[in-house]
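Heads up, the thing below is written out as structure tokens.
Number of protein chains: 2
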Amino acid sequence: MQRVSATKEAILAAALELGALHGISGTTMEQVAERAGVAKGSVYYNFSSKDKLFGELLTTGVSKLAQTLHDARLSASGFAGVEAMVTAMLSLLEANRALSKLMAAEIFRTDRAWQESIFALRREALTEIEEALVPLVPAGTSEAMRLLMAGGIFGATLMGGLEWLLFSPQTPVSDVAAALLFTLSGKLDAGPTPPTLG
Amino acid sequence: MQRVSATKEAILAAALELGALHGISGTTMEQVAERAGVAKGSVYYNFSSKDKLFGELLTTGVSKLAQTLHDARLSASGFAGVEAMVTAMLSLLEANRALSKLMAAEIFRTDRAWQESIFALRREALTEIEEALVPLVPAGTSEAMRLLMAGGIFGATLMGGLEWLLFSPQTPVSDVAAALLFTLSGKLDAGPTPPTLG
Numbered sequence: 001m002q003r004v005s006a007t008k009e010a011i012l013a014a015a016l017e018l019g020a021l022h023g024i025s026g027t028t029m030e031q032v033a034e035r036a037g038v039a040k041g042s043v044y045y046n047f048s049s050k051d052k053l054f055g056e057l058l059t060t061g062v063s064k065l066a067q068t069l070h071d072a073r074l075s076a077s078g079f080a081g082v083e084a085m086v087t088a089m090l091s092l093l094e095a096n097r098a099l100s101k102l103m104a105a106e107i108f109r110t111d112r113a114w115q116e117s118i119f120a121l122r123r124e125a126l127t128e129i130e131e132a133l134v135p136l137v138p139a140g141t142s143e144a145m146r147l148l149m150a151g152g153i154f155g156a157t158l159m160g161g162l163e164w165l166l167f168s169p170q171t172p173v174s175d176v177a178a179a180l181l182f183t184l185s186g187k188l189d190a191g192p193t194p195p196t197l198g
Numbered sequence: 001m002q003r004v005s006a007t008k009e010a011i012l013a014a015a016l017e018l019g020a021l022h023g024i025s026g027t028t029m030e031q032v033a034e035r036a037g038v039a040k041g042s043v044y045y046n047f048s049s050k051d052k053l054f055g056e057l058l059t060t061g062v063s064k065l066a067q068t069l070h071d072a073r074l075s076a077s078g079f080a081g082v083e084a085m086v087t088a089m090l091s092l093l094e095a096n097r098a099l100s101k102l103m104a105a106e107i108f109r110t111d112r113a114w115q116e117s118i119f120a121l122r123r124e125a126l127t128e129i130e131e132a133l134v135p136l137v138p139a140g141t142s143e144a145m146r147l148l149m150a151g152g153i154f155g156a157t158l159m160g161g162l163e164w165l166l167f168s169p170q171t172p173v174s175d176v177a178a179a180l181l182f183t184l185s186g187k188l189d190a191g192p193t194p195p196t197l198g
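Structure, rendered in structure tokens:
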């Protein structure tokens, strides 16, 4: 990993905080400088534009997500791989709440300067889930269909995770993972079962 | 339903188009007036502020989503109710692409003037799914846990649906519903099955 200066880190942290609060369009480079406690020139020295600044923030975040999903996928096989990915993604969301909110709002924008790199990394993250699905779906299933399923699992984890962090943050990550995986386990389709959940 | 004037409708349609393209912060009342082909004074006559304009757009959209989920839930019982809700939501997303994109970006914002009404309606939509889950989960499951599961199903449908509309819009809604419901059916957990999907 590239060495990041303390100033650059302070700028990225300030941009993240303000972006999660007011949106990227609602955040100015002046505000970032003020929040980071650095001169405006210093912000422009490190990032030539607001697009560059938020682009780096978001691509770093999505790249970390893809890497986390990759590691989780290799940690277990079969459906346990899916379970590991859902749990690892929830832990990552919990550890990066502001970034998760920002990514949720940005991930389907199509008008941003950083769109190409975000889309490529987003596809990389989805492909990690899609690859874990290969042995779990019927042999004739197309890649497009597996990607849709992967999008569903990704969306369930992201939305369930944000719902958790905003409205019941006291719930432990293991309970949240259990609730989401319950919906993916086919137990819904089977009707009520005896063990108590939550 | 309230009678909406042709001018008001043109303003709402222009705001939706611009908001989906440039974000709400990146859209001005001047641009809305120009796109709608009306005078700026006419925009302000119908909506006293940009917040009021987008607030109405979003609350109407989320309200329609809640109503659609409600109708689908009553159309079938057991897991078939969940299937009906996922399919109905996908059809609604397909018929309202721009609004779906805008809602996806706004649904977890916490800094908006319309936040309270969106949160209330969002909770209403989630509660529809949550109620369909009551007979499908263990008796001791808490409402908070059912809401997390509902958030997961909602997120799977929203993200899977946006993935579909952006990247494989030629796929029929029935195939998308089948792919998402496959992940919720427990068939993933069971390993590959003979029938071909997609």
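Those protein sequences? They're chains B and X, same order as listed.
Just so you know, we're using the UniProt record's numbering here: the first sequence kicks off at 1 and counts up by one.
Just so you know, we're using the UniProt record's numbering here: the second sequence kicks off at 1 and counts up by one.
Glycine included, each C-beta is placed from N, C-alpha and C at the ideal position.
- For X/F54, the uninterrupted alpha helix (DSSP H) run begins and ends at K50 to S75, by DSSP.
- The contact set of B/W164 on chain X, defined by CB atoms closer than 7 Å, consists of L148 in chain order.
- Below the 8 Å Cβ cutoff, chain B contributes no neighbours of X/S91, its closest Cβ being approximately 15 Å away.
- For the C-beta of B/G155, the chain X residues within less than 7 Å are, from N- to C-terminus, G155, A156, L158, M159 and G160.
- Distances from the alpha-carbon of X/T7 to those of X/A150, X/A125, X/L136 and X/V38 put X/V38 closest.
- For B/T59, no CB of chain X lies under 7 Å from its own CB, so it is not counted at the interface with that chain.
- Distance between B/A13 and B/K64, taken at the CA atoms: about 16 Å.
- No Cβ-Cβ contact shorter than 7 Å links B/V176 with B/L102.
- In this structure, X/V173 sits away from X/E83, with a CB-CB distance that is not shorter than 7 Å.
- Using a Cβ-Cβ cut-off of 7 Å, B/A144 counts as an interface residue toward chain X, since at least one Cβ of chain X sits closer than that to its own.
- By the beta-carbon neighbour count (other beta carbons within 10 angstroms, threshold 16), X/S49 is exposed.
- Between B/E130 and B/S77, the alpha-carbon positions lie close to 13 Å from each other.
- At a beta-carbon threshold of 8 Å, the residues of chain B lying near X/V176 are L148, ordered along the chain.
- Interface flag for X/S25 against chain B is set, since a Cβ pair is found closer than 7 Å.
- Of the other Cβ atoms in all chains shown, fewer than 16 fall within 10 Å of the Cβ of B/L74; this residue is therefore exposed.
- In this structure, the alpha-carbon of B/G55 lies about 28 Å from that of X/G152.
- Against chain X, the beta carbon of B/F182 has neighbours under 8 Å at V137 and M149, listed in chain order.
- Listed in chain order, the alpha helix (DSSP H) runs fully inside the UniProt DNA-binding region "H-T-H motif" (28–47) of chain X are 29–36 and 40–46, counting runs of at least 4 residues.
- Assignment of B/P135 by DSSP, reduced to helix, strand and coil, places it in the helix class.
- One Cα belongs to X/M85, the other to X/L69, and the distance between them is close to 5 Å.
- Between X/L18 and X/R35, the beta carbon gap of about 6 Å places them in contact (Cβ cut-off 8 Å).
- Minimum Cα-Cα distance from X/A98 among the listed residues X/T183, X/L165 and X/T28 corresponds to X/L165.
- For B/T87, no chain X residue has a C-beta closer than 9 Å to its own C-beta; the minimum C-beta separation is roughly 13 Å.
- At a cut-off of 7 Å, the C-beta of B/S49 has no neighbouring C-beta in chain X.
- In this structure, the beta-carbon distance from X/V62 to X/L121 falls below 7 Å.
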